[in-house]
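Numbering (the numbering used here), first residue to last: 1 to 154.
Each remark here refers to the structure printed beneath this line.
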DNA sequence: GCCAACGTTGGC
DNA sequence: GCCAACGTTGGC
């Protein structure tokens, strides 16, 4: 069982959108960074826990929790010319990008704000608190998860 | 909207 | 394979 943080822009798709999906499940598509892709393809496993992190919005921070409900498969949007995530160099025989499915578990009553995460002494190595770290998929240690989950649960 | 910090691209 | 130019990310 591993722990992750997935970034999203809630104006496009946030924790509430996930909650309202049929089956409360959604493909986590559109990841177009190789390091993040490698995490998705190779290391994110069924049943892993995921912090849903809202970026580029009023309330930047960890907004809720989801669970991985399907392991990596080729991201369909890479083959769709209509998609903003279309990649003309990707083919079904040689997919370049992958996605997983995530299922809603919990929306926190209050988003655990980035400034509060930064103020947590034990959480200094997490990607979102490190300057210039822009990965959209990043690992979270169990220690970090426990501390942040407790803080977010109030 | 600004801008620093990255990642990617493409000419050589 | 170098590296400058360019595009994107993301907090503020």
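Beta carbons are placed, not taken as given, at the ideal position from N, Cα and C, and that holds for glycine.
As the structure is a computational prediction, the values presented were derived from the model and not from experiment.
query                                                                                                                                                                           : result
Measuring alpha carbon to alpha carbon, tell me which residue in 50, 30 and 111 is nearest residue 83.                                                                          : 30
Where does the unbroken beta strand (DSSP E) through residue 80 begin, and where does it stop?                                                                                  : Neither: residue 80 is in no beta strand (DSSP E) and is coded neither H nor E.
Drop a sphere of 10 angstroms on the beta-carbon of residue 10, count the other beta-carbons inside from all chains shown, and report buried for 16 or more, exposed for fewer. : buried
Tell me the rounded alpha-carbon separation between residue 21 and residue 27.                                                                                                  : 11 Å
By how many angstroms is the C-alpha of residue 97 removed from the C-alpha of residue 86?                                                                                      : 10 Å
By DSSP, does residue 33 sit in helix, in strand, or in coil?                                                                                                                   : coil
Report the three-state DSSP secondary structure of residue 149 (helix, strand or coil).                                                                                         : helix
Is the beta carbon of residue 111 sitting closer than 7 Å to the one on residue 66?                                                                                             : no
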